[in-house]
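Structure first, commentary second.
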Amino acid sequence: MADKLPHDAELREIENNEWRQSLDYVLQEQGPDRVRQILRQLQTRAQEKGVSIPFTANTPYINTIPAANQPVFPGDREIERRIKSIVRWNAMAMVVQANRDNPGIGGHISTYASAATLWEVGFNHFWRGRTDEFLGDMVFFQGHASPGVYARAYLEGRLSAEDLRGFRAELRPGGGLSSYPHPFLMPDFWEFPTVSMGLTAISAIYQARFNHYLVDRGLRKASGRKVWAMLGDGEMDEPESLGAITLASRENLDNLIFVVNCNLQRLDGPVRGNGKIIQELEAAFRGAGWNVLKVVWGSDWDPLLEKDQTGRLMQRMDEVLDGEMQRYTVSNGAYTREHFFGKYPELLEIVSGYSDDQVARLRRGGHDPQKVYTAYRAAIEHKGAPTVILAQTIKGYGLGEAGEGKNITHSQKKLNEDELKEFRTRFNIPISDEDIAEAPFYRPDEDSPEIKYLRERRGHLGGSLPMRVSSSHPMACSTDELIREYFEGSGDRELATTMAYVHLLAKLLRDPELGKLIVPIVPDEARTFGMESLFRQAGIYSHAGQLYEPVDKGSLLFYNEKKTGAILEEGLSEAGSMASFIAAGTAHANNGVQTIPFYTFYSMFGFQRTGDQIWQACDSRARGFLVGATAGRTTLAGEGLQHQDGHSHVLAMTPPRVKAYDPAFAYELAVIIQDGLNRMYCHQEDWIYYLTVMNETYEMPAMPQRADIKDGILKGMYRLRATKRKGAKAKLRAHLMGSGAILNEALKAQELLEKEYGVATDVWSVTSYKELYRDAIEVDRWNLLHPGQKPRTPYVTDLLAKEKGVFVAASDYMKVLPASIARWFPHALHCLGTDGFGRSDGRARLRDFFEVDHRYLTLATLRRLADEGQLPMEKVEKALQDLKIDPDKLNPHLD
Ligand SMILES: Cc1ncc(C[n+]2csc(CCOP(=O)(O)OP(=O)(O)O)c2C)c(N)n1
Ligand SMILES: [Mg+2]
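To convert a position in the sequence shown, counted from 1, into the numbering used here, add 13.
Following this line, the structure appears as structure tokens:
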């Protein structure tokens with residue numbers, strides 16, 4: 014309603030004051046809970062009377078914890094500021110030196126410059142190191158701010174100046190420091206690879222949940238460890254950053270703390286120039302049930318807020334856009350006075366006693382140790398929910414003209430002499446004008462107050478971090494009995510490899526030694542793979558237990574949630590499941606216990622969908638089994654284009670620490686899983702085993718009684734069934750290589766070739782093209798580098814050395830897979846495969862469409878024989894007709 018008379022406005026102001034004073038009184042007399050109660054009551058009352066209160070998940074744009082509630086800062090502010098300045102200098106100098114020695118080598122200055130206070134308060138007061146009794150807090154450091162971690166490790170005496178000079182020069186003699194946190198490259202130092210933006214947040218959430226899981230399963234004692242994720246505000250745009258936050262609140266993960274460094278910039282420019290990233294994130298996290306702590310303004314703003322009787326300053330803070338805040342950073346105090354405070358006369362009034370310099374120096378919350386300490390303390394004390402701290406900072410803080418707050422600052426790698434001087438002077442680093450151009454590192458003496466203080470603080474917190482220690486104990490290798498039954502075959506019972514796998518997994522879970530370490534992980538797909546039998550046996554993990562009676566309680570395989578459950582049923586989240594796989598697969602290092610993850614997923618949604626996390630798992634040195642189920646482009650019938658996986662084995666070629674197998678029979682599967690257990694858990698090798706299993710049922714044969722079989726399975730190929738034709742009957746010779754379910758097509762083709770076409774045919778089972786390829790390139794490399802020595806031969810070449818005839822390979826994956834090893838065959842290899850998009854249809858028609866069934870294997874064999882001049886081409890033409898192959902059919906590669 015518009016004001017009718019001037020005194021209406023006055024009356025309203027009096028009324029406002031009365032309400033405010035009442036609130037102040039209640040707060041003072043009865044505390045915040047009572048205030049909350051009354052406000053809720055008033056809200057309900059208003060709603061009853063038909064007054065709708067618009068929903069807002071936001072609080073005003075001020076610090077969540079008011080100055081009056083701040084704890085006393087326990088440290089020595091002055092010494093901590095000195096230490097921070099020195100870390101800042103060295104972090105900057107590392108990048109400058111690296112780019113001077115090797116122009117264009119890259120690195121980041123501005124990110125750590127903005128995060129320094131957020132990290133130093135953590136290092137000095139919160140982040141606990143690893144001791145004999147306590148495994149330490151887990152800190153995920155924002156990847157491209159790594160120079161800050163290295164620079165601190167230098168002051169702590171963990172790295173030398175020479176080490177710092179090796180930043181981004183890992184291949185120099187003696188090695189160097191990796192650009193980003195890579196446990197694979199620095200296994201004693203980095204714990205969590207973080208630089209693929211977005212993966213940090215989801216990894217930290219599932220890690221925090223996994224830490225509870227270990228306690229609930231009795232594998233570790235509760236210790237109060239915290240998981241800290243230091244994130245960038247631009248990084249929060251990645252779907253994985255926010256995609257799992259409801260899990261953290263649903264699981265009450267009060268052991269988890271996110272710190273988002275809101276420097277309002279990403280790589281190209283502002284994160285939200287036209288809005289406010291802190292408010293946007295606040296709403297998202299509050300909506301998800303997190304404890305949100307905003308650290309927006311530094312202490313210098315407190316007296317201004319106190320003076321702000323009318324609420325105008327708060328209003329202005331709410332209004333101001335991030336793009337404008339960034340503008341104030343690059344402008345002087347007069348500009349900020351005019352444009353920020355100048356919008357309302359009463360604001361100009363409250364800074365009237367401030368010089369322009371003072372206005373310019375009004376600090377952002379994330380650069381104020383008191384404010385940061387206050388938030389961190391509240392975060393570690395908060396119970397029942399995870400906490401996110403949203404701290405406003407300035408990107409490139411301290412770089413001045415060289416980039417502070419500028420849009421180019423992310424890419425700033427060099428500072429000229431004047432800029433170095435300015436930086437040195439601003440942070441008071443004792444480096445002379447003569448030396449400045451070199452940007453030398455600076456470390457105070459061992460007995461200086463700074464080094465003593467820093468050591469005392471880290472000593473108090475249990476030692477340095479990050480620090481990676483692989484500390485679990487090797488297991489005994491005694492699985493022979495367990496897997497023996499799979500060597501015997503299934504008789505006339507038809508099984509799918511998925512069934513054999515689930516059967517074996519169930520046995521492993523029952524094993525007295527291994528069972529407690531097995532972590533079955535599955536997205537919302539257990540029933541698809543026939544894994545529901547494990548629900549009852551192993552239980553589905555739920556910290557809360559099962560608070561309801563499941564609808565299928567009466568059935569044998571009821572939905573069985575329990576606190577000690579082993580299965581991580583992650584719902585429909587392959588990304589979440591991968592994050593759990595990494596947490597379980599790295600427990601040997603990060604939790605001192607060797608859990609064994611078996612992550613079973615729809616194979617199409619593995620390497621294709623979460624390939625970056627699989628890469629991250631390898632970098633993390635995770636160990637475990639990835640099991641792509643319902644695999645094979647033509648074996649998974651009906652599902653069509655987005656489900657039928659005919660390329661995961663090609664993608665599995667890419668991560669160096671992945672072994673990939675495409676077994677056809679239960680005994681092959683068992684041999685491979687046993688090898689995985691032996692290597693990873695008995696011999697402590699860092700591997701990930703990828704296995705594809707299928708849902709086509711057939712009789713599982715017994716393992717041939719030959720000494721070379723196991724070795725062949727693991728090396729990637731063995732002769733499964735040799736021809737019975739000998740002598741004159743074996744003039745025409747062929748070898749068929751089959752894998753997975755397509756191996757059965759090769760066996761069928763063998764019969765056809767032998768009976769109908771008189772070709773003596775051997776069938777070989779290829780369990781792993783990747784293993785064959787890896788071995789062959791190793792041998793090639795060795796030969797190249799050792800010209801004076803007797804050349805070695807690859808396994809596949811040795812195996813086929815005496816074989817005559819033609820060679821044809823077929824799998825349910827792309828042709829490039831067998832083609833990858835073709836050049837080590839004694840003769841040309843004809844490759845069949847499933848390049849192209851899948852179709853929804855039955856197996857027989859799919860195999861015809863993709864040209865991988867026994868008919869095509871037969872045709873390809875005859876064609877090769879004709880090409881070699883051993884058969885007239887007319888025979889091939891005739892066979893094409895006999896086999897009912899239509900040469901004008903759709904082309905699966907393109908159609
Ligand atoms: C998935 C992914 N995409 C792109 C990059 C390249 N990259 C590195 S840092 C960065 C910007 C990060 O901005 P922000 O999260 O705000 O961090 P800041 O440096 O501002 O602290 C980009 C795009 C990456 N590391 N990961
Ligand atoms: Mg940023």
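Beta carbons: idealized from backbone N, C-alpha and C, even for Gly.
Ile-627 to Phe-136, Cα distance in whole Å?
30 Å
Ordered along the chain, which non-local residues of its own chain (more than five positions away) have a Cβ less than 8 Å from that of Met-14?
Reliability of the predicted coordinates at Met-14 is poor, the pLDDT of 46 falling under 50, and no value is obtained from them.
Given the structure, does Gln-278 come close to ligand 2, in the sense that its CB is under 6 Å from one of the ligand's heavy atoms?
yes
Could you check the C-alpha separation between Asp-16 and Glu-28 for me, to the nearest Å?
Residue placement at Asp-16 is poorly supported in this model, since its pLDDT is 49, which falls under 50; the coordinates are not used for a value here.
Any chance the segment 71-85 sits against the segment 290-303, with 3 or more Cβ pairs inside 8 Å?
yes
Where Trp-700 falls, given that 16 or more other Cβ within 10 Å makes a residue buried
buried
Identify the continuous alpha helix (DSSP H) that holds Ile-393 and give its terminal residues.
382-394
Return the first residue and the last residue of the beta strand (DSSP E) that Gly-731 is part of.
Sequence inspection shows Tyr at residue 731; the Gly mentioned does not correspond to that position. Run containing Tyr-731: 730-734, per the beta strand (DSSP E) assignment.
Keeping to the same chain, check which residues put their C-beta closer than 7 Å to that of Ile-444; ignore five residues upstream and five downstream.
Arg-437, Pro-453, Tyr-455
Do you know whose CA, among Ile-96, Lys-744, Asn-82, lies nearest Gly-88's CA?
Ile-96
Have a look at Met-617 and Pro-160 and give me their C-alpha separation to the nearest angstrom.
38 Å
Nearest by alpha-carbon distance to Val-779: which of Met-249, Phe-205, Ile-393, Tyr-731 is it?
Tyr-731
Could you please give the first and the last residue of the uninterrupted alpha helix (DSSP H) stretch that includes Ile-92?
90-114
At least three beta-carbon pairs within less than 8 Å, the segment 637-652 to the segment 563-572:
no
Report the rounded CA-to-CA distance for Arg-836 versus Val-109, giving the unit in angstroms.
47 Å
If you measure from the CB of Glu-248, is any heavy atom of ligand 1 nearer than 6 Å?
yes
Heavy atom of ligand 2 within 6 Å of Gly-211 beta-carbon:
no
Starting from Leu-931, follow the alpha helix (DSSP H) in both directions and report where the run begins and ends.
Lying outside 14 to 908, the shown extent of the chain, residue 931 is not represented and no answer is given.
For Leu-530, does the three-state DSSP call read helix, strand or coil?
helix
Do you know how far the Cα of Ser-491 is from the Cα of Ile-686?
13 Å
Quick one: does the C-beta of Gly-245 sit closer than 6 Å to a heavy atom of ligand 2?
yes
Any idea what DSSP makes of Glu-582, helix, strand or coil?
strand
Determine whether the beta carbon atoms of His-138 and Asp-267 lie at a separation below 7 Å.
no
At least three beta-carbon pairs within less than 8 Å, the segment 536-544 to the segment 554-564:
no
Would you check if there are 3 or more beta carbon pairs closer than 8 Å linking the segment 587-598 to the segment 492-512?
no
Return no unless some Cβ of chain B is closer than 7 Å to the Cβ of Ala-773.
Reference to chain B is not applicable here, since this structure consists of a single protein chain.
Tell me Met-9's beta-bridge partners as DSSP assigns them.
Since the first residue of the chain shown is 14 and the last is 908, residue 9 is not available in this structure.
Given this structure, state the Cα-to-Cα distance separating Tyr-826 from His-660, to the nearest angstrom.
5 Å
Mind checking whether the beta-carbon of Ala-821 lies closer than 6 Å to any heavy atom of ligand 1?
It is Val, not Ala, that sits at residue 821 in the sequence shown. False, no ligand heavy atom lies under 6 Å from that Cβ.
Are His-195 and Asp-625 touching if we call contact CB-CB under 7 Å?
no
Start and end of the beta strand (DSSP E) containing Tyr-615?
609-615
Should Asp-246 go down as buried or exposed, given a rule of 16 or more other Cβ atoms within 10 Å for buried?
buried
How about the segment 225-239 and the segment 189-208: do they share at least three Cβ pairs that are nearer than 8 Å?
no
For the segment 483-490 and the segment 600-613, state whether three or more C-beta atom pairs, one from each stretch, are separated by less than 8 Å.
yes
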